[in-house]
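Data block below; observations after.
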Amino acid sequence: MYFKKTPDFLKPIYKDLIWDIPTSNKEVFITFDDGPVAPATHDALDILKEHNALATFFCIGDNVQRNPEIFERILKEGHRVGNHSLNHLNGWKYNDFSYVKNVLEAAQRVPSRLFRPPYGKIKRSQAAALKKRFAVIMWDVISGDFDHKISKEQCVENVMSNVEPGSIVVFHDSHKAWEKMTYALPIVLTKLREAGYSFGLIPEDIQPATDR
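With numbering that gives the first Met the number 0, the residue at position 124 of the sequence shown is 123, and numbering never jumps.
Pasting the structure below:
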């Protein structure tokens, strides 16, 4: 189960996490999880280039080691990167020491102050331990491109029905999500642009709302 739109009541409960980016402009923040892998990351980059859009890629450390040339392409084309752990750990299933160690090992391959917990699952104690070094980035809109139970058209609908200025939107540049992502992403970018939105990068120096 997952929320297509993160409920507002969750945000103050987990206020040390970043769910969206308040803005007075019609700006959204497109993000990708689980890469870099071929062909998904290459296709995402091609689509972004075609639409003159920038995004933030949360990369798995092991995938960066396996595909350094794709990682370099992300950076070379002006996008931002974030840490998505070394090998996609579910924080709810690991003790704090093992989880933090895994994230720090990934940081040796992904130089970024941004961290997104895989599955969005992180204990409060883990987030507190990481807070001095990382901004923990969640999201408020998810496309569902990884979900085999929904159609590719529904992925578009999930985004367009829930996006608003400041939204952090999640796609996946993974083998599992590839088909739906490559269908939905160009449509979403086109529709958002037509609605007057621009596409921003998540700032490296971003702070939780409590610290702003």
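We treat Cβ as the ideally placed atom computed from N, Cα and C, and that holds for glycine.
1. What do you get for Ile59, buried or exposed, if any count of 16 or more other CB atoms within 10 angstroms of its CB means buried?
2. Going by Cα to Cα distance, which pick from Lys100, His174, Ser160 is closest to Ala194?
3. For Glu68, report the span of its alpha helix (DSSP H) as first-last.
4. Reducing DSSP to helix, strand and coil, say where Arg192 ends up.
5. On the CB-based measure, 16 or more other CB atoms within 10 Å of its CB, does Trp138 come out buried or exposed?
6. Can you find the residues in the same chain that come closer than 8 Å, C-beta to C-beta, to Glu178, ignoring five residues on each side of it along the sequence?
7. How would you label Ile141, buried or exposed, when you count the other beta carbons within 10 angstroms and need 16 or more for buried?
8. On the three-state DSSP scale, how would you describe Val99?
9. Relative to the alpha-carbon of Ser23, which residue among Asp204, Ser197, Gly77, Glu203 has its alpha-carbon at the smallest distance?
10. Apart from the five residues just before and just after Leu188, which ones in its own chain have a Cβ nearer than 6 Å to its Cβ?
11. In angstroms with no decimal places, state the Cα-to-Cα distance between Asn157 and Ser166.
12. Going along the chain, which residues of its own chain have a beta-carbon closer than 7 Å to the beta-carbon of Gly77, five neighbours each way excluded?
13. Answer with buried or exposed for Trp18, where buried requires no fewer than 16 other C-beta atoms within 10 angstroms of its C-beta.
14. Report buried or exposed for Ile12, applying the criterion of at least 16 other Cβ atoms within 10 angstroms of its Cβ.
15. Considering Glu26, what are the terminal residues of the beta strand (DSSP E) in which it resides?
16. Identify the residues that DSSP records as bridge partners of Gln114: which are they?
So, from the listed chains and residues:
1. Position 60 of the sequence shown holds residue 59. Its Cβ being crowded by 16 or more others within 10 Å, Ile59 is buried.
2. Position 195 of the sequence shown, counted from the first residue, corresponds to residue 194. That would be Ser160, whose Cα lies nearest to the Cα of Ala194.
3. Position 69 of the sequence shown holds residue 68. From DSSP, the alpha helix (DSSP H) with Glu68 extends over 67 to 75.
4. Here residue 192 is taken as the residue at index 193 of the sequence shown, counted from 1. Residue state, collapsed to three classes: helix.
5. Against the sequence shown, residue 138 aligns to sequence position 139. Buried, because 16 or more other Cβ atoms sit within 10 Å of the Cβ of Trp138.
6. Here the question's residue 178 lines up with position 179 in the sequence shown. Once the five neighbours on either side are set aside, the close Cβ partners of Glu178 are Lys151.
7. Translated into positions along the sequence shown, residue 141 becomes position 142. Classification for Ile141: buried.
8. Counting from one through the sequence shown, the residue named residue 99 turns up at place 100. In the structure shown, Val99 sits in a helix (DSSP, three-state: H, G or I).
9. Within the sequence shown, numbered from 1, the residue matching residue 23 stands at position 24. For the residues Asp204, Ser197, Gly77, Glu203, the minimum Cα distance to Ser23 belongs to Ser197.
10. Looking up residue 188 in the sequence shown gives position 189. Excluding residues within five positions, the ones whose Cβ falls inside 6 Å are His50, Ala52.
11. Stepping through the sequence shown from its first residue, residue 157 is reached at position 158. Stepping through the sequence shown from its first residue, residue 166 is reached at position 167. Spanning the two alpha carbons is a distance of roughly 13 Å.
12. Looking up residue 77 in the sequence shown gives position 78. These residues qualify, in order along the chain: Leu53.
13. Numbered from 1 along the sequence shown, position 19 holds the residue referred to as residue 18. Buried.
14. Here residue 12 refers to the residue found at position 13 when the sequence shown is read from its first residue. Exposed.
15. In the sequence shown, residue 26 corresponds to position 27, counting from 1. Per DSSP, Glu26 belongs to the beta strand (DSSP E) from 26 to 32.
16. Mapped onto the sequence shown, residue 114 falls at position 115. Looking at the sequence provided, one finds Phe at residue 114 rather than Gln. DSSP output for Phe114 lists Asn82, Val135 as bridge partner(s).
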